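A.B. asks: Got a structure here, written out as C-alpha cells. Questions coming.
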Amino acid sequence: MYLLKIFALLLLLLTLSLSANDQKLDKLKLQLQWKHQFEFAGFYAAKEKGFYKEVGLDVEFIEFEEKTDITHEVLSSKADYGLSYSSIIADYMNGKSIIMVANFFKQSPLVLVTQKNIKTLADLKNKKVMGLSNSIHNITLFGMLDKFHVKSTDIINIPTTFTIDDFINKKVDAMSAFTTNEIYELDKRGAQYNLFDPVVYGAKYYDVNLFTTLDESINHPSRVQKMKEASIRGWEYALKNKEEVVALILQKYNSQNKTREALLFEAQQIENLILPHVYDIGIIDKDRVRTIFDNFKEAGFIKNDNSKRVENFIFKDKSNPLSLSKKEKIFILNHPKIVLGTDKRWEPYVLLSDDGVVSGYDAEVLSLISELSGLDFELKAGDWAEMQIEAKKRTIDGLSTGGVHKERQKYLNFSDIYITMQKTIITTLDNPKNIQNIEDLKGHRIAIHKSNLVDEKIAQKMIDSKIIRLDNQEDIFNYMLTGKADAAFGNGTTIYLANKIGFPYFKHTANLDETLKLAFGIRKDWPEAVSIINKSLNAIGENRLLEIKRKWFYLENKKEFDYILFAKFAGVLILIVLIFLYRQYNIKRLNIELKKRVEEELKKSRDKDKMIFHQSKLISMGEMIENIAHQWRQPLSQINSAVLVIDDTLVQSGYKGNLVEEKLSEIESLTKYMSNTIDDFKDFYAQDKLPEFFLLRDVISESISILGGTFKSNSIEIETDIEGDYLCNGYPSELKQVLVVILNNAQDILTSREVNKAKIDVAVEKSSKYYTISISDNAGGIEKEIIDKVFDPYFTTKHKTQGTGLGLYISKMIIEDSLLGELSVQNTENGACFKIKLKRIKDLDLC
Amino acid sequence: MNKENHTILYIEDEEGTRVNVARSLRLKYVSVLEAKDGLEGYQLYRENSIDLIITDLLMPNMGGIEFIRKIRDEGSEIPVIVMSAYSNQKKLHEAEELNIVEYVIKPISRTRLKEVLEIGFQSIRVK
Chain C
7 MYLLKIFALL LLLLTLSLSA NDQKLDKLKL QLQWKHQFEF AGFYAAKEKG FYKEVGLDVE
67 FIEFEEKTDI THEVLSSKAD YGLSYSSIIA DYMNGKSIIM VANFFKQSPL VLVTQKNIKT
127 LADLKNKKVM GLSNSIHNIT LFGMLDKFHV KSTDIINIPT TFTIDDFINK KVDAMSAFTT
187 NEIYELDKRG AQYNLFDPVV YGAKYYDVNL FTTLDESINH PSRVQKMKEA SIRGWEYALK
247 NKEEVVALIL QKYNSQNKTR EALLFEAQQI ENLILPHVYD IGIIDKDRVR TIFDNFKEAG
307 FIKNDNSKRV ENFIFKDKSN PLSLSKKEKI FILNHPKIVL GTDKRWEPYV LLSDDGVVSG
367 YDAEVLSLIS ELSGLDFELK AGDWAEMQIE AKKRTIDGLS TGGVHKERQK YLNFSDIYIT
427 MQKTIITTLD NPKNIQNIED LKGHRIAIHK SNLVDEKIAQ KMIDSKIIRL DNQEDIFNYM
487 LTGKADAAFG NGTTIYLANK IGFPYFKHTA NLDETLKLAF GIRKDWPEAV SIINKSLNAI
547 GENRLLEIKR KWFYLENKKE FDYILFAKFA GVLILIVLIF LYRQYNIKRL NIELKKRVEE
607 ELKKSRDKDK MIFHQSKLIS MGEMIENIAH QWRQPLSQIN SAVLVIDDTL VQSGYKGNLV
667 EEKLSEIESL TKYMSNTIDD FKDFYAQDKL PEFFLLRDVI SESISILGGT FKSNSIEIET
727 DIEGDYLCNG YPSELKQVLV VILNNAQDIL TSREVNKAKI DVAVEKSSKY YTISISDNAG
787 GIEKEIIDKV FDPYFTTKHK TQGTGLGLYI SKMIIEDSLL GELSVQNTEN GACFKIKLKR
847 IKDLDLC
Chain S
22 MNKENHTILY IEDEEGTRVN VARSLRLKYV SVLEAKDGLE GYQLYRENSI DLIITDLLMP
82 NMGGIEFIRK IRDEGSEIPV IVMSAYSNQK KLHEAEELNI VEYVIKPISR TRLKEVLEIG
142 FQSIRVK
C-alpha cells in the first residue's frame, strides 16, 4: 500500500512539475460539433484561463462546417480530438477506432416544437416537419414519435433552413430545435409553440462527448488524461463564471454574432444539461452508454453485430482506474487509516477472533476498497451503541454495518449501499402464536434490539403490539424461548447467529416489506472518503459484492446444479458420440439427435423442478393447515368450556330444563362440526404414497365440498351427473387437487365476468377404455388466442398475487404422468369445458 | 353433592378455557390445581400429592410432552389425560409412548370429559 501512495505522490509531483514547464507545449486540434457558442464554453475557458497550458497542451478549436463528418476528421488526423453526439457510440460499434474520453451534456438539447394547433404528437401524421431527416442524430425525436405511433414515413420532412422563419410564418407545422438556441429565438420573437422534449419520454442520450482515436489513447494515455482533466476544469470554471465566459465568447469566439442575452440564455440551459450538482462533470456511466448502444441497435444503426465491448470504448486512466480527483488523491495521502466502528455481535458482517482480528463480510469489502483506492481502513468491533457515541464524538471516523438514518445523518455522510438484506419476522420453530404476517403481530410482544434503528422504525408502526427493547441479540433469543416475547425482527444473519450460538430454535416466518440496507458512514467533514468509497464500490460491481455475500452468508445459489442428471446426461452423450463415431454416421444426424436429447433432458429436469416446487408447496400448505387447525380449535375449546360452566350453574340453581340441554348439546355438536371441517382440508393436502382404488364419485363430491362454501357465497350453482360406481386406481388426493384447481378457475372466471346464473356442470362418461370427467362452466369460454397456452407453465390471466400460473400446468402433469390419463380443454357453446380422461380398469365386484 | 376425594392437576395455557374447566371440575373434586404451563405444572406436581393430571401439549416454557416425560423419568405413574388442539399423528404417538390414559382433541364435550375422567380414575383403581 505504501508503494502505491508513493507512486501517487510521484504522479502528483510529475503533474505539478509539468505544469511549471511551458517550454514544450503539445499542439492539439479540437474539432467542435457546431459553430462557436456557449456549448463549448468549458473548452474556451480551459484555454483562456491557462488550464491546458498548465498540463502542457496548446489546444486549437476547429469550427463545424456544414457536412463535416466529425468522426472522419479525427480519424484522418485533421483534428486530434473531437466533440460529438451520442452517434460516436454507433461509429465505434460499426468499427471505427475511436475512444470516448469524457461526456459533458447528460441530455441532448434537441427537442421538437410544433404550432399551437398540434396538441399531441399523434397529430403530426402527414404534416410538414422541418429538420427531421431520418439520421442518427434525430433518434431521440423518432424514439419519442414512436410512442405516439408516428413513423418517419408518416411525416413530410422539409430540409432545414437553419432559421426559424418558416416556422414563424407557419410554412411548416413543426421543426426540430435546440433548447439552447432556437427556443430563445422563438421566445424573443413572441412565437407561440408547443414543446415536446424527448427527455420527458424517457430518452437518455449523451451530447458533447469528447473523443479521440484509439491510437492516441494507446500511445499517449497521459496526454488524453490531461486533456480530459483540463477540459473538466474549464467547464467547472465556465459554469461558475458564466458572465465572464460569455464576455470572452463575445470578444473572441462570436462567429455567429449572438447577443449577450442569447449566450446567457444558452449558458443557463446548458447548466441544466450538464447537471453539475448531480453528476461529476465529464463522468461517463458505462450502463448509460450501453443503453444508448442498445437503442441504436434496435433502431438499426449498428450494421454488423460484432463483439466490440462497450467497456473498451470508454477511456480509462491506467494509473488512476477509479478516476479519483486530485482532492481525493490528496485526501488518501493525508489519511493513512480510516477507523470505522462496527457491531461486534453482528456475524457474519463482523467476525472477531480471540486475538482481536476482525474478518467477515464488511472486512472483505473494505479490503477490496483499499486495494482499489489506496484508502486504508481499520474495523473497530465493539458494542454498537458505544460505537455510535464514539462516531458522534469523532474518536472514530465513522461506522460500518449501519443503515442510513436521519439520526445518523446528523453526524455522518453515507456511502452507497454495500449490502441489502430482506427484513423478516422471526419466531420460534413451533411459532405458538401462529404468526404468519405482519398483521398477526397485533396484540403480541415483539422483542427488538435497542439500538437497531431499522427495527425501531418498523416497531413504531406497530402500535397494536407490545415492543420490548433489549440490549443484545442473545437476550432477544432468550425472551422468545422463554415465551416472554412472541416474535422479533431479523434479516439474513439472524438465524445464522442463532444457530451459531447454540439456539437452533428459530425460523424466518414471514418477509417484511422493509429491507436492511447498509452503507458506510463517514464523519461529515470527510466527504472525499465517501466519494472514494463510492467510486470503489462502483468498480467492484454488484456481481462481485453478491459473490462475497454468498460466501459469508452461506447463501446457496437458487438453482443448484444437478450433478446426477449431468453425469447421466454426460454418459448418454459419450455413448452416443462413441456409437456414432464407430458407425461413421454423418455429422448432421448426430447433431440433430444430440440436440433432441439435450432438450429432452433439460425438459425433464425443468419438469422435475416444478414438481418439487409444487410438492414443497403442498407440504407447507399441510403444515399451515395444521397450524390453522390448532388456532381454530382454541376458541372452540373455550366455547365448550363455557357450556360446561353454564350447565353447572343452571343445574345448581335448578333452572335447567330440556330445552336448555338441547341447545347446549347443539352448541357442542356445532363446535365439533367446525373442528372436523379443518380435518377435511388437512386430508386434502396429505401426500398419499400408495396408489389405491377409489370411486370417482367420492373424489368429485369431496372436491366440490371443499369449495362448497365459496360456491354458495358467489351464488354459483353446481350440478353433478355421475351415475355409476366408477372405480379408478391411483392417487385420489392428486385427482382431488386437479379438480379443485379446475373448479376454482371456473369459479374465478364466473365471478370476474359477473356471469348471471353462474353454473358449473360436472359429469362422468364411460367408454370402453376410459372414464371422462368433464367440468364445464357458462362463463363464455377461453379466448381463442390463449386457449393453446393455458397449460403452459407460468401462464396466468390472474393478477400476480392471485395465481402462479402453475395450477393447470401441474394439473396436466399430474393427470398425464401420475394418473396416466389426459387433460384437455375446449370451448363449448356457453363456456369452457375441461376434460379429464382416466384409464378405466376392469369393473370389480364392489360387494 | 359430595365431592370426590381426588386432587387433579390441570395444565392449560389458554386462560379462558382453563378457568371454565377448572371451575367445573371443582364442583366435583376436592382439589383442582391450575397451571399455565409445564413448568408451573411441574412445580405443583413436586409440592402436592396428585391423583390425575390433565394437560395441554403446546405451551410456552415447558410443553406437555416434556412435562410428562419429566415426571415419567422420575418414576411417576400418575394417570395423564392429554387434551390438545393438535390432531396430528406425530404428537399423538409421542404422547402414547409416555403411557397416557387418553388423548382427546379439543374442543371437548361435557359427555366426553366425563368419560375420560372416569377412565382416568378407573386406571387408578386398577392399580
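Taken in sequence, the protein lines are chains C and S.
Okay, so the first sequence: first residue is 7 according to my numbering, each after it adds one.
Okay, so the second sequence: first residue is 22 according to my numbering, each after it adds one.
Backbone N, C-alpha and C fix where the C-beta goes; we use that ideal spot for every residue, glycine too.
Predicted model, so just to flag it, every value in this text is computed and none were measured.
(1) For the stretch 101-128 of chain S, which residues have a beta carbon sitting closer than 9 Å to at least one beta carbon of chain C?
(2) What does S:S97 touch in chain C if you count any residue whose Cβ is under 7 Å from its own?
(3) Taking the CB atoms as reference points, tell me whether C:T434 and C:L487 lie closer together than 8 Å.
(4) What does C:I645 touch in chain B if you count any residue whose Cβ is under 7 Å from its own?
(5) Quick check: the stretch 755-772 of chain C against the stretch 821-834 of chain C, are there 3 or more CB pairs under 8 Å?
(6) Name the residues in the stretch 726-755 of chain C whose C-beta lies less than 7 Å from a C-beta of chain S; which are they?
(7) Kindly indicate which three-state DSSP category C:R475 falls into: helix, strand or coil?
(8) If you measure between the beta carbons of C:P204 and C:D323, is that distance less than 8 Å?
(9) Three or more C-beta pairs closer than 8 Å, one from the stretch 25-38 of chain S and one from the stretch 51-59 of chain S: is that the case here?
(10) Given this structure, state the Cα-to-Cα distance separating C:D783 from C:V831, to the nearest angstrom.
(11) Please list, in chain order, the chain S residues whose beta carbon lies closer than 7 Å to that of C:S659.
(12) Using a threshold of 8 Å, state whether the C-beta atoms of C:G240 and C:A52 are closer than that.
(13) Which same chain residues, not among the five before or five after C:K125, have their C-beta less than 8 Å away from its C-beta?
(14) Given a limit of 7 Å on CB to CB distance, which residues of the stretch 427-443 of chain C reach chain S?
(15) S:R131 versus chain C: which residues are under 9 Å apart at the beta carbon?
(16) Let me know if C:Q274 comes out buried or exposed under the rule of 16 or more other beta-carbons within 10 Å of its beta-carbon.
(17) If you draw a straight line from the C-alpha of C:N497 to the C-alpha of C:L459, how long is it?
(18) S:T38 CB to nearest chain C CB: under 8 Å?
(19) Helix, strand or coil for C:H636? Go by DSSP, reduced to three states.
(20) Name the chain S residues whose beta carbon is nearer than 8 Å to that of C:Q640?
(21) Quickly, what does DSSP pair C:I344 with across the bridge? List them, please.
(22) Less than 8 Å between the C-beta atoms of C:Y679 and C:L702, yes or no?
(23) In chain C, which residues lie with their C-beta within 9 Å of the C-beta of S:L79?
(24) Roughly how many angstroms lie between the CA atoms of C:P533 and C:S406, to the nearest whole one?
(25) By a C-beta neighbour count over all protein chains shown, 10 Å radius and 16 as the cutoff for buried, is C:K73 buried or exposed?
(26) Can you tell me whether C:E723 is helix, strand or coil according to DSSP?
(27) Among C:A453, C:L81, C:D461 and C:T716, which residue has its Cα nearest to the Cα of C:G409?
(28) So, under 8 Å CB-CB, C:I539 and C:S376 are touching, yes? Tell me the CB distance rounded to an integer number of Å.
(29) Quick one: any contact between the stretch 249-257 of chain C and the stretch 104-112 of chain C, if contact means 3 or more CB pairs under 8 Å?
(30) Using a Cβ cut-off of 7 Å, pull out every chain C residue sitting near S:S45, in sequence order please.
(31) On the DSSP letters alone, give me the boundaries of the beta strand (DSSP E) that C:A838 sits inside.
(32) Please report whether the beta-carbon of S:L138 lies at a distance below 8 Å from any beta-carbon of chain C.
(33) With a 10 Å radius around its C-beta and 16 neighbouring C-beta atoms as the bar for buried, classify C:Y661 as buried or exposed.
(34) DSSP three-state label for C:V371, please.
(35) Mind pulling the chain C residues with CB within less than 7 Å of S:L12?
(36) Can you list the residues of chain C that S:V51 reaches, using a CB-CB cut of under 9 Å?
C.D. replies: The answer reads as follows:
(1) M104, S105, A106, Y107, S108, N109, I126, K127 and P128
(2) Along the second sequence, one-based indexing puts residue 97 of chain S at 76. Within 7 Å Cβ-Cβ: nothing; S:S97 doesn't reach chain C, min ~25 Å.
(3) Residue numbering aside, residue 434 of chain C sits at position 428 when the first sequence is read from its first letter. Residue numbering aside, residue 487 of chain C sits at position 481 when the first sequence is read from its first letter. It is a contact, given that the beta carbons lie within the stated cut-off.
(4) No chain B is present in this structure, whose protein chains are C and S.
(5) no
(6) none
(7) Within the first sequence, the letter at position 469 stands for residue 475 of chain C. C:R475 falls in the strand class under three-state DSSP.
(8) What you label residue 204 of chain C is simply residue 198 of the first sequence in a count that begins at 1. What you label residue 323 of chain C is simply residue 317 of the first sequence in a count that begins at 1. It is not a contact, given that the beta carbons lie outside the stated cut-off.
(9) yes
(10) As a working note, residue 783 of chain C is residue 777 in the first sequence. As a working note, residue 831 of chain C is residue 825 in the first sequence. Whole-angstrom Cα-Cα distance: 12 Å.
(11) Taking the first sequence and counting its residues from 1, one reaches residue 659 of chain C at position 653. Going along chain S, no residue has its Cβ under 7 Å from C:S659, so there is no contact; the nearest lies around 13 Å.
(12) Along the first sequence, read from residue 1 onward, the residue named residue 240 of chain C stands at position 234. Along the first sequence, read from residue 1 onward, the residue named residue 52 of chain C stands at position 46. Yes; because the gap between Cβ atoms is below 8 Å, this pair is in contact.
(13) Reading the first sequence from its first residue, position 119 is the one you call residue 125 of chain C. Excluding sequence neighbours, C:K125 sits near N200.
(14) D436 and P438
(15) Sequence index remark: in the second sequence, residue 131 of chain S carries index 110 (1-based). N646, V649, L650, D653, L670, S671 and E674, listed in chain order.
(16) Here residue 274 of chain C is taken as the residue at index 268 of the first sequence, counted from 1. Exposed: under 16 other Cβ atoms inside 10 Å.
(17) One-based indexing of the first sequence puts residue 497 of chain C at position 491. One-based indexing of the first sequence puts residue 459 of chain C at position 453. Near 14 Å, if we compare the C-alpha coordinates of C:L459 and C:N497.
(18) Start at 1 with the first residue of the second sequence, and residue 38 of chain S comes out as number 17. So, interface residue.
(19) For the purposes of this step, residue 636 of chain C is taken as the residue at position 630 of the first sequence. In this structure, C:H636 counts as helix in the three-state DSSP scheme.
(20) As a first step, residue 640 of chain C must be located in the first sequence, where it is residue number 634. Correct list: E35, T38, A106 and K127.
(21) For the purposes of this step, residue 344 of chain C is taken as residue 338 along the first sequence, with counting starting at 1. BP columns for C:I344 point to C:F383.
(22) For this step, residue 679 of chain C is matched to residue 673 along the first sequence. For this step, residue 702 of chain C is matched to residue 696 along the first sequence. Cβ distance not < 8 Å, so C:Y679 and C:L702 don't count as in contact.
(23) Translated into positions along the second sequence, residue 79 of chain S becomes position 58. Those within 9 Å of S:L79 in chain C are D436, P438 and H636.
(24) The count along the first sequence starts at 1 and reaches residue 533 of chain C at position 527. The count along the first sequence starts at 1 and reaches residue 406 of chain C at position 400. Approximately 16 Å between the Cα atoms of the pair.
(25) Taking the first sequence and counting its residues from 1, the one referred to as residue 73 of chain C is at position 67. It counts as exposed.
(26) Within the first sequence, the letter at position 717 stands for residue 723 of chain C. Residue state, collapsed to three classes: strand.
(27) Residue 409 of chain C sits at position 403 when you count from the first residue of the first sequence. When each option's Cα is compared against that of C:G409, the closest is C:D461.
(28) Against the first sequence, residue 539 of chain C aligns to sequence position 533. Against the first sequence, residue 376 of chain C aligns to sequence position 370. That belief does not hold up - the Cβ atoms of C:I539 and C:S376 are roughly 10 Å apart, past 8 Å.
(29) no
(30) The count along the second sequence starts at 1 and reaches residue 45 of chain S at position 24. Those are L650, V651 and D654, listed as they occur along chain C.
(31) Numbered from its first residue, the first sequence carries residue 838 of chain C at position 832. Counting along the chain, the beta strand (DSSP E) containing C:A838 begins and ends at A838 to K845.
(32) For the purposes of this step, residue 138 of chain S is identified with residue 117 of the second sequence, where counting begins at 1. No, S:L138 lies away from the interface with chain C (no Cβ there is under 8 Å from its Cβ).
(33) As a first step, residue 661 of chain C is located in the first sequence; it is residue number 655 there, counting from the start. It is exposed - the Cβ of C:Y661 has fewer than 16 other Cβ atoms within 10 Å.
(34) The sequence position of residue 371 of chain C within the first sequence is 365, counting from 1. Residue state, collapsed to three classes: helix.
(35) Outside the displayed range of chain S (22 to 148) lies residue 12 of chain S, so it cannot be described from this structure.
(36) Counting from one through the second sequence, the residue named residue 51 of chain S turns up at place 30. Going along chain C, no residue has its Cβ under 9 Å from S:V51, so there is no contact; the nearest lies around 16 Å.
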